[in-house]
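These notes are about the structure you will find just below.
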Amino acid sequence: MYKKTAAIALVVVSTAFISGCTTPPPSDPSNICNIFEERRDWWKGAKKMNDKWGVPIHVPMSMMYQESSFQARAQPPRKYLLGFIPWGRVSDAYGYAQAKTMTWDDYIRETGQRRARRDNFDDAIDFMGWFITKSHSINGVSKWDAYGQYLNYHEGWGGYKRRTYLQKQWLVQVSRRVDARSNQYAQQLRSCEKQLNRGWLRRLLFG
């Protein structure tokens with residue numbers, strides 16, 4: 008009886024510890040300045056992505072907002088058999104970027120980021136920078152075009168070429184919302200980028 012109780016307690020404690028290690032979403036996701044003020048390490052990761060891929064920060068951030076609301080372990084909704092029996096999920100997308108396993112594996116293979124995790128913000132935004140760069144190379148979509156980039160992200164490069172999104176009016180509307188948020192984020196970021204950079208440099212030099 009004691010061993011059983013101890014085992015249950017260990018599971019509860021372990022679960023609580025794991026949950027406690029997950030970074031909660033920012034408290035004000037509608038304002039990119041507030042996001043990075045609250046999550047200064049995210050600013051460092053976003054800057055690194057921008058330097059590496061030349062992708063403006065506000066574009067993947069607006070896409071990430073749409074995909075996961077900045078939840079580290081976000082997953083698609085469950086499927087139900089007969090309407091009530093849980094039967095897996097609608098896709099294997101996971102994490103901040105809602106990256107699918109096959110595409111994530113392509114990213115790891117091409118970049119050599121073998122320790123990358125989908126529930127790590129720095130890795131997720133780097134993945135999005137890689138994907139946006141590929142969309143630019145394959146389909147000629149500007150890295151600044153959040154609307155076109157989100158359509159690529161959702162439909163894949165082949166689907167975008169075939170214009171499958173034209174049969175999905177709901178997706179066109181969602182992509183427009185992503186574009187509007189991207190423009191909003193860009194405007195907000197212009198007002199706080201210098202301050203964020205000063206804060207980041209100060210911590211780098213003085214700890």
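Under our numbering, the sequence shown has 117 at position 110, and the numbering climbs by one with no breaks. Backbone N, C-alpha and C fix where the C-beta goes; we use that ideal spot for every residue, glycine too. Keep in mind it's a predicted model, so treat the numbers as computed, not measured.
Counting other Cβ atoms within 10 Å of its Cβ, L173 stays below 16 and is therefore classed as exposed. Scanning its chain for C-beta atoms nearer than 6 Å, with the 5 sequence neighbours on each side dropped, one finds around W60 the residues G136 and T140, in chain order. In the structure shown, A106 adopts extended strand secondary structure according to DSSP, grouped into three states.
In the DSSP assignment, Y101 forms a beta bridge with A106. A straight line joining the alpha-carbon of D48 with that of V66 spans about 18 Å.
R80 sits close to D126, with the two beta carbons spaced by under 8 Å. Remark: C-beta atoms of R46 and P36 do not approach each other more closely than 8 Å. Of the candidates R188, A131 and W50, the residue whose Cα lies closest to the Cα of Q73 is R188. The way I'd put it, the region 147-157 does touch the region 178-188; three or more beta-carbon pairs between them come closer than 8 Å. Assignment of A123 by DSSP, reduced to helix, strand and coil, places it in the coil class. Scanning its chain for C-beta atoms nearer than 7 Å, with the 5 sequence neighbours on each side dropped, one finds around F77 the residues P32, P33, P36, M71 and Y103, in chain order.
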